[in-house]
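Everything on this sheet refers to the single structure shown next.
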Amino acid sequence: MMLEIKTVSIGDAFLIQETGDKYAIIDVMVRAVDRSVNNTVVRDEETPLLGSSLSRPQKKSWKQRLQHDVSCSWADAVLLACYVVTGLLDSSSIQVWGTFVSMQTGNTVYVGLGLASFATSTPGPRLCKSALSIASFCLGSFLFARFHRLVSPRRRWVLCASFTIQAFLTSAAALIVTLRPPGPNTDSLAWNVLVPITLMAFQSCGQAVASRALKQNALISLVLTSVYCDLFSDKELFALDNVSRNQRAAAPTLLLVGVIAGGLFAQSSVGIAGALWIAAGLKLCMVIAWFLWRSEEETQEN
Numbered sequence: 001m002m003l004e005i006k007t008v009s010i011g012d013a014f015l016i017q018e019t020g021d022k023y024a025i026i027d028v029m030v031r032a033v034d035r036s037v038n039n040t041v042v043r044d045e046e047t048p049l050l051g052s053s054l055s056r057p058q059k060k061s062w063k064q065r066l067q068h069d070v071s072c073s074w075a076d077a078v079l080l081a082c083y084v085v086t087g088l089l090d091s092s093s094i095q096v097w098g099t100f101v102s103m104q105t106g107n108t109v110y111v112g113l114g115l116a117s118f119a120t121s122t123p124g125p126r127l128c129k130s131a132l133s134i135a136s137f138c139l140g141s142f143l144f145a146r147f148h149r150l151v152s153p154r155r156r157w158v159l160c161a162s163f164t165i166q167a168f169l170t171s172a173a174a175l176i177v178t179l180r181p182p183g184p185n186t187d188s189l190a191w192n193v194l195v196p197i198t199l200m201a202f203q204s205c206g207q208a209v210a211s212r213a214l215k216q217n218a219l220i221s222l223v224l225t226s227v228y229c230d231l232f233s234d235k236e237l238f239a240l241d242n243v244s245r246n247q248r249a250a251a252p253t254l255l256l257v258g259v260i261a262g263g264l265f266a267q268s269s270v271g272i273a274g275a276l277w278i279a280a281g282l283k284l285c286m287v288i289a290w291f292l293w294r295s296e297e298e299t300q301e302n
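Anchor point for the sequence shown: position 295 equals 295 in UniProt numbering, and the numbering is continuous, going up by one each time.
Right under this line is the structure:
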């Protein structure tokens, strides 16, 4: 019977030389055979704990990134940008079409005034356009909310898809008013007026639903009355470090910026089409932002 001799490490040979114990020799031989059979490294006191090389974290593919939930940290930055979009759309639409596409409180007032006018005269077309905007907004809220709840409200691909839909609908409305510009009469009920109103009101609720999904209920980006109330009733209004105060102060400021820009577009030769194209571009930037946004796992690791 032939005995196969295995090569032992320097540390094992040193152990044999120091002890001279036959049990130590047997133990070394067993470990040597185990190395050759299983092709594994047996760790002892002299084996480095970290191994010979540091393991590098593997980069995740874009498909894997889409399956992660985005972090809520600093997500208010994107939602605050939505206030600019709201200002752009509402200021231009109220000047050109005579109705709002985002602020449904104003449209509800217009509907109420239109219904009240039945007592004395025939209501104007603003009643129809405002009611259409409200109905489209409610339908969009119903569908966007259920879309967010399909998998996870903060799933990356859900947010990217939601804002992609918003950008697509805004682009479609911009294309219509570019090819068929509305006339100077704000009382018109032509298709190139009603269809853009429907598309814009439908998509505007998507950013409001996203604020709920991201647990930023104060930044719904459509109304300011509650923001003003919360801002000036804050007991730490004049504190140096107050994130909620800063958010509430930024919201009306950014909305005002959008309103001024939308008003300038509506009164210029570019018209409402310019405001809609800018809004569509901002929504596409938000899609890119959500794709690159840090995930919940990355935030917890850091």
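Ideal Cβ positions, reconstructed from N, Cα and C, are used throughout, including at glycine.
Below 8 Å on the Cβ atoms is my guess for residue i versus residue j; work out the distance and round it to an integer in Å.
i           : j      : result
residue 305 : Gln247 : Examination of residue 305 is not possible in this model, given that the chain is present from 1 through 302 alone.
Pro196      : Ala218 : Actually they do not touch by this definition, with Cβ atoms about 30 Å apart.
Ser91       : Val101 : That belief does not hold up - the Cβ atoms of Ser91 and Val101 are roughly 10 Å apart, past 8 Å.
Gly274      : Phe265 : 4 Å
What did DSSP end up calling residue i once you bin it into helix, strand or coil?
i      : result
Ser121 : coil
Val195 : helix
Ser204 : helix
Ser295 : strand
Val101 : coil
Val151 : coil
Identify the continuous alpha helix (DSSP H) that holds residue i and give its terminal residues.
i      : result
Arg146 : Arg126 to His148
Leu89  : Asp76 to Val96
Ser162 : Arg156 to Leu179
Rounding to the nearest angstrom, what Cα-Cα distance links residue i and residue j in this structure?
i      : j      : result
Ile134 : Pro123 : 17 Å
Ala201 : Lys129 : 11 Å
Gln64  : Arg212 : 24 Å
Ile26  : Ser71  : For Ile26, the predicted structure reports a pLDDT of 45, less than 50, and the residue's modelled location is therefore unreliable. The matter cannot be settled from this model.
Val287 : Val151 : 18 Å
Arg245 : Ala77  : 14 Å
Gly281 : Ile260 : 18 Å
Gly263 : Gly87  : 9 Å
Cys285 : Asp234 : 32 Å
Ile158 : Leu179 : Checking the sequence, you will find Val at residue 158 rather than Ile. Each residue's Cα considered, the two are about 32 Å apart.
Thr99  : Tyr110 : 8 Å
Whole runs of the alpha helix (DSSP H) within the stretch 206-291, excluding any shorter than 4 residues: 225-232 and 243-267
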